[in-house]
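Undergrad: Residue numbers (the working numbering), protein chains in the order written: chain Z, 476 to 1309; chain W, 476 to 1309. Ideal Cβ positions, reconstructed from N, Cα and C, are used throughout, including at glycine.
Protein chains: 2
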Amino acid sequence: MLSKLILAAALAGACLHAETGYDAWLRYQSIEGALRVHVRATLPAVVTMLNDADPEAAARGELIRGLRGLTGRTLRAEGRIPRESAIVLGTLDELGRAAPQWNLGAPLPEDGYWLKTVIDHGARYTVVTASNPRGVMYGAFAMLRKIALGEPVDSLDERSTPYAPIRWVNQWDNLDGSIERGYGGRSIFWENGHARADLTRVADYGRLLASLGVNGCSINNVNANPRLLAAEMIPDIARIAAALRPWGVRVAVAVDFASPKILGGLDTFDPLDAGVAAWWKQKADELYRAIPDLAGFVLKADSEGRAGPSIYHRTHADAANVVARALAPHGGLLFYRGFVYDHHMDWRNPKNDRARAAYDNFHGLDGQFDSNAVIQIKNGPIDFQVREPASPLFAALEKTNQVIELQITQEYFGQAHHTVFLPRMWKATLDFDLHAGGASTPVKALAAGKTFHRPTGGFAGVANVGLDENWFGNHLSQANLYGFGRLAWDPDLTSRQIVEEWTRLTFGGDPKVDGTVAAIQLGSWRTYENYTGPLGLQGLTDITGNHYGVNVEASERNGWGQWHRADEKGVGMDRTVATGTGYIGQYPPTVARAWESLATCPDDLLLFLHHVPYTYVLHDGKTVIQYLYDSHYEGAEAVAGYAHQWKTLAGLVDERRYREVLAQLEYQAGQAVVWRDAVTEWFRRTSGIADARGRVGSYPGRFEAEAMHLDGYQVRDVVPAEDASGGKAVVCAAAECSAWLQFAGAAGWYTLRVQYFDQRNGISRYRLRVAGQWIDEWQADLLLPTVTLDSSSSTRRVIHGVALRPGDEIRIEGRPDGGEPAALDYLEIVPENQ
Amino acid sequence: MLSKLILAAALAGACLHAETGYDAWLRYQSIEGALRVHVRATLPAVVTMLNDADPEAAARGELIRGLRGLTGRTLRAEGRIPRESAIVLGTLDELGRAAPQWNLGAPLPEDGYWLKTVIDHGARYTVVTASNPRGVMYGAFAMLRKIALGEPVDSLDERSTPYAPIRWVNQWDNLDGSIERGYGGRSIFWENGHARADLTRVADYGRLLASLGVNGCSINNVNANPRLLAAEMIPDIARIAAALRPWGVRVAVAVDFASPKILGGLDTFDPLDAGVAAWWKQKADELYRAIPDLAGFVLKADSEGRAGPSIYHRTHADAANVVARALAPHGGLLFYRGFVYDHHMDWRNPKNDRARAAYDNFHGLDGQFDSNAVIQIKNGPIDFQVREPASPLFAALEKTNQVIELQITQEYFGQAHHTVFLPRMWKATLDFDLHAGGASTPVKALAAGKTFHRPTGGFAGVANVGLDENWFGNHLSQANLYGFGRLAWDPDLTSRQIVEEWTRLTFGGDPKVDGTVAAIQLGSWRTYENYTGPLGLQGLTDITGNHYGVNVEASERNGWGQWHRADEKGVGMDRTVATGTGYIGQYPPTVARAWESLATCPDDLLLFLHHVPYTYVLHDGKTVIQYLYDSHYEGAEAVAGYAHQWKTLAGLVDERRYREVLAQLEYQAGQAVVWRDAVTEWFRRTSGIADARGRVGSYPGRFEAEAMHLDGYQVRDVVPAEDASGGKAVVCAAAECSAWLQFAGAAGWYTLRVQYFDQRNGISRYRLRVAGQWIDEWQADLLLPTVTLDSSSSTRRVIHGVALRPGDEIRIEGRPDGGEPAALDYLEIVPENQ
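1. Since W:K987 is in the alpha helix (DSSP H), which residue starts that stretch and which ends it?
2. Per DSSP, Z:W1224 is paired with what?
3. Is W:I1304 close to chain Z? Criterion is C-beta to C-beta, closer than 7 Å.
4. Counting C-beta neighbours from all protein chains within 10 Å, is the total for Z:L624 16 or more, i.e. buried, or is it exposed?
5. Exposed or buried, what is W:R899 when buried is set at 16 or more other beta-carbons lying within 10 Å of its beta-carbon?
6. If contacts are defined as beta-carbon pairs under 8 Å, then Z:V974 and Z:Q953 qualify, I think. What distance do you get, rounded to the angstrom?
7. Note the first and the last residue of the continuous alpha helix (DSSP H) segment covering W:N955.
8. What does W:K591 pair with, by DSSP beta-bridge criteria?
9. Output the distance between the C-alpha atoms of W:A803 and W:A848, rounded to the nearest integer angstrom.
10. Please name the residue in Z:R540, Z:R682 and Z:A765 whose C-alpha comes closest to that of Z:E711.
11. Any contact of the segment 731-750 of chain Z with the segment 606-621 of chain Z, i.e. 3+ C-beta pairs under 8 Å?
12. Is the segment 778-786 of chain Z touching the segment 716-723 of chain Z in the sense that three or more CB pairs, one from each, lie closer than 8 Å?
13. Within 7 Å (strictly less), CB to CB, does Z:D1129 reach chain W?
14. Between W:P966, W:G1014 and W:W1035, which has its C-alpha nearest W:D821's C-alpha?
15. In the DSSP output, which residue or residues are listed as bridge partners for Z:K853?
16. When you compare each of Z:G1202, Z:A830, Z:K1122 and Z:T1019 to Z:D1049 by their alpha carbons, which one comes out closest?
17. Apart from the five residues on each side of it in sequence, which residues of its chain come closer than 7 Å, Cβ to Cβ, to Z:V1273?
18. Just how far apart, CA to CA, sit Z:L1012 and Z:Q1037?
19. To the nearest angstrom, how far is it from the Cα of W:A713 to the Cα of W:P767?
20. If you reduce the DSSP assignment to three classes, tell me which class Z:P735 lands in.
21. Listing by chain order, which chain Z residues have their CB less than 8 Å from the CB of W:A493?
22. Counting only the same chain and skipping the five closest in sequence on each side, list residues whose C-beta sits under 7 Å from that of Z:I709.
23. Is the CB of Z:L477 under 7 Å away from at least one CB in chain W?
24. Along the segment 1272-1287 of chain W, where does the CB come closer than 8 Å to a CB of chain Z? Name the residues.
25. So which residues of chain W does Z:T549 contact, with C-beta pairs closer than 9 Å?
26. Between the segment 1197-1225 of chain Z and chain W, which residues of the former have a C-beta closer than 9 Å to a C-beta of the latter?
27. Of all the beta strand (DSSP E) runs that stay within the bounds of the segment 788-814 of chain Z, which reach a length of 3 or more residues?
28. Could you tell me if W:D943 is buried or exposed, where buried requires 16 or more neighbouring beta carbons within 10 angstroms of its beta carbon?
29. So, at 6 Å on beta carbons, what are the nonlocal neighbours of Z:N796 in its own chain, with the 5 sequence-adjacent residues on each side left out?
30. Enumerated in chain order, which unbroken segments of the alpha helix (DSSP H) with a length of 4 residues or greater are wholly contained in the segment 734-763 of chain W?
31. Mind pulling the chain W residues with CB within less than 8 Å of Z:A1367?
32. Relative to chain Z, which residues along the segment 515-528 of chain W have a C-beta separation below 8 Å, given in chain order?
33. Rounded to a whole number of angstroms, what is the C-alpha to C-alpha distance between W:V1262 and W:A1138?
34. Heavy atom of the ligand MG less than 6 Å from the Cβ of W:G913, yes or no?
35. Rounded to a whole number of angstroms, what is the C-alpha to C-alpha distance between W:K758 and W:F934?
36. Would a C-beta distance cut-off of 7 Å place Z:H950 and Z:G536 closer than the cut-off?
See below:
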């Protein structure tokens, strides 16, 4: 009996459908031209599967579906090796039995695959084999990828082995269907406290993950709801596990450490209490009866208000081990998050340092964790900031399993509204040599357990895909999930390799598209850093709020510890051993030496590690303050360039994705200006040092709304002041208000830019008139994460091609709605070239 | 105060939107490259309107909207001629007052426009002028069309005058929202017995019509509901008139001749009764009070069961005049349809001839019609068949106004499911010289009133657009409305000019798209004729039923008179004077002489005018019967070619329209095979003469469902027999049935074609398996006009790239639904080239 997948395949191949982004990089768009002729001439007609069970059956279904899309042909699904050419899927054991004459006995590591062409009695067999069925599936995806990328597949002998056994994603989905830090819609897993009735999206997510070699997925928020472990929820978890299982993706769950007390009714959750240990064991046994291949638990303890062992004066090792021992008999893993810090630190104490926390909490426990416990360590010591050094904890655990936690969801990277290609940043960390031992010890080798020969290790990516048709709310953000999976399989891939693969698979092979998208993606991290927090400042976002808009002072004077210590004289956290928090001393000596000294500390990390005056001169000869100014202008210009470059792809990218990406990039271009102006204004005001190039504080053609003639609009201070130009906006408390000015410039063609505030509450409407003529109308209907006047709501409307004459009245009318006051920041009038 | 249109313009230009076909040829897609640079450099910034009222205001709004789309610039709307370059809109009178120094006094006929560049004090004025405001609007549309087509507009001196004053569309919309012979969705005018609450679509239709110069629209079915004239409906008519008025489109209504009795409560509707005359007058007065610019009435009387003057033994002139006299004081016109015939004729009488009817009914009344009465004459003597001679009535009315009625909606042309470019056919009639007088008297000149110097005349097109987003249910069918409007303005345009204009405006200028679409459109009428009824046979459709599928005998043995008289010996209607119905004698002698003789009768009209044996040899040397065979194979091949050619436009046409047109052409390709096989089988069976090329009756690779192994399926005769291959189908009365065979051919790649029946009732599901493997799945969900097994429901599923091996079981499973029995006709197995 053939699986439903083959049927789905048939439908997908048979009817043309609009490109929505749903299929991501697994579109299997028809190949054309000479390549098509060649592939069709050499493609066998049979795909043989030696084991009629998933994931091998899923692999066969995918091969049939993929080749139908790519070549227009439906392969024959057979169970035996035919006397004609065929693709043959099977483990090494299965092949040894079915075709001993092929001598394919060479061992392969778990999950690794081997694509091998065998000629036998004149037939050509394309063998896709592995030690285990999941590896066979990975081989099938690899083969499809090769064909889609135009690589030859008629004479193969290629082995590929994953770099590490743990290649997981985490989903921070809540049982009510919301997702913490999710920007692609509601949960694909949960709805109203239970697993969704229709888990088609989960299965399709499993397919995407499988195509990359991802083999585990935790399915609920690390800030875990204890109810997840209730007996009534186990069938729900089992259903989700069943949806992912065909794709070789094992399910894990995040648990609350207080569960024995909250859920189990014990009077303690002390990890050394025998009753607590028994409770965890009984709960694990119950889960494994329903889900025998459960991958394990994820545990966030003693962090950001979560219960942990500290209440009983126990160690993290005590906590991890009591849970790990419950899982061990079943082969389950316990992921213990290293993201533990005090978020009520006294900011007045210059020796306090959140960056020290992970190392301080865990390095002393090295060797005390059970062999199935894994410390899950964020890439940097703070929290997914735009630039952080690699966490020193990677080098500090020699006798403890670890994985590196990377964030695919763009919590601090503009969420769904900005394009930032994160693999480039991840690569910087993964390839960074911590000098933890004699030879080269890059972070990837430490995290994978290679350096200290740990039994396990690898990669955990916080993905947080949602029900949006394109999974992330941003088409270009799909490249981050793709890049995560590819790096987890092979962290030696370059960023360029990844982005070129992804672009070709996702947008389909036109050289201009490939080149343009690659350029945008590869530049996007540096660009984002340039306008949000260069030189190691970290993202200057609203860290106590939505983690989206700009708020330079939100980092300071609170216990959260993301301090940058900017004051009127200088900026940066002194983390030196000599005069600072001593954080640098947590690194192995080679690294610590380089960073302790201003002379050898890289500029990109300067303000993360040192406090310097604004006039400090960087290696490139610029002062810190001028670099801050320049980089923000560069960043904003770069994003404007992205939108412009994307426009050159009109007609080369399918219509809907073209339009949606363009809208995203144009929004981002406006938002980069908001960041630019806020950050540069703040530093100019604070430092008292002018921009040598005269840009900051001087905006030719800009007219503040508060300085315009106002009919109904009222002036209001915006907090923080730098979030609005001039620190003020105008708001409308009536049914309709307007702001106007009389144009005094020369006659000509102009672009008008209206900066307004688009809050999440309400849909205000705006109109713009010139000399009485309605020129434009729009509504403030974006779903931005704020309900106030701030940089997160600050949004730009650009109106090109407006003819102005001296004396023209330019009037902006606003109609508030639902608590959103149709607010305005400013109008810019910019002359156009012909 | 500026109109809403300018605002709509702003929005349309400002945001990218998916191409749905809604904007048809008024897309104003951005022009690019050197042309853009040139237009922007020469485009003035001001558009001046000398009269702030519609339709001039609509023209200004359209210019602003269009130029914003084309060039990205928003022109300044001003009320006076500025001292800078400007586009100036105004009538000749208005310009004479505002700019007497320009001396633009030359008179222009009604609705004609003049585009004239005037240089004055160094400024360049692009003057768009006319005698009347509507003409100014036509000039604005013409100017936008020129820019969109890439023609220069910086040095203009171009006058254009419509060929005829009457350029109307008719809508056959019922008050309940259905449309008689409408294939583009429900009515844009009516819903539940009243005008729709939202008439946006009506206004947008008005804009489309105005862009072509169409100036009138009748808004209800010619088979008129008397209730339309009830007092309660007048506000509804007025609302519709108000929606069309800005676009210079005047509203007319179709009326029931029995209204004085049915609605007015009189005991008669005798046109010579004084009370009846008074009733019509009072009703007209009442209407004109609400709609002072009402264009008039359309009247279908004594036709297909409609009430008429014959019951009182009055003439059509009596009937027309009593209504015309009520309209005359208001300047209204009465359109009296010439489509009057007896549909209960005795088919056994060889002298009976429906084609004679219009002439017989009206030519004797010439001179008796009032000057505001117009006889509306269908292009041919029958009823919008694929090939008819021009109606002889055009030449027979010298002292009576006439218009030619053309059918834009594709009643007999495959409805929304086939692409047929009708202007090519219309041109054949319009340009046909009837030799009605000494000099050249083409139909267009007669219809326009030019030949006999009538006060009015022109064109009426039955459009029947509906609520479908693309108006017609078929993107390519929009060209028929475009072509109608353009020909009504200028019937001297060639088909190629029209299709090239339309394609460029509608699909946007890529040379490959332009060439491909033009080739498809220009060939499509001949192609459709080839597979539905060549040599003047008329469309061999189900004329007593849905007018869609094939039914060769439906024309015969009934009173409807569309007889082709095919029997075992020969085919064709003998309409000669010598031996036939004498119809040819209705034509002026030059034409009659040519057609009376077989030697000079054109082949295309042969069977319309003569009865000949099947072995009769055509001018090209083929026998009639072989021509019938050949043309049907040629037609079916041509449509397959259209689908193939369209596929080469992938990526050059926006995605949704590309996909929808491809689906339409692929369906049509299958349907052309149904026609081909039905017609050729019928003639082979009837004539007993084999196809010299051996195709008819021999279908290599075809396996009849009734000859397959059947699990649950039952064999059923199809009526008429030629509607199914072999005359039989299989139907499923169980929950699921299947039909299968064992493949006995050589191993290889094959295309499978499943011929099944997709009725309008129910959505059956089908699956196809090869050797147990699900290869394809589809559902019968098209909305075709039938609920039985016949040629209208016969539909094809094509599955490419199937690998077959000897002994394979090929099984088709069907699941009936809602009365649709998941029926099958046959399976074809066709080897593929590599």
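TA: Judging by the given coordinates:
1. P986 to T1007
2. Z:A1278
3. no
4. exposed
5. buried
6. Contact flag wrong, Cβ pair sits at about 11 Å.
7. Q953 to W964
8. W:V602 and W:D632
9. 9 Å
10. For clarity, residue 711 of chain Z is Asp in the given sequence; the question names Glu instead. Comparing Cα-Cα distances from Z:D711 to each of Z:R540, Z:R682 and Z:A765, the minimum goes to Z:A765.
11. no
12. no
13. yes
14. W:W1035
15. Z:E880
16. Z:A830
17. T1226 and R1228
18. 9 Å
19. 9 Å
20. helix
21. E1130, R1131 and R1134
22. E761, L762 and A765
23. Bear in mind that the predicted position of Z:L477 carries a pLDDT of just 35, short of 50, making it too unreliable to give a figure here.
24. I1274, H1275, G1276, V1277, A1278 and R1280
25. V1245, Q1248, I1250, D1251, I1274, H1275, G1276, V1277 and A1278
26. A1222, G1223 and W1224
27. 808-812
28. buried
29. D845
30. 734-737
31. Residue 1367 of chain Z lies beyond the residue range present for chain Z, which begins at 476 and ends at 1309; the question has no answer from this structure.
32. R515, A516, A520 and V521
33. 22 Å
34. You won't find the ligand MG in this model; it holds no ligand whatsoever.
35. 27 Å
36. no
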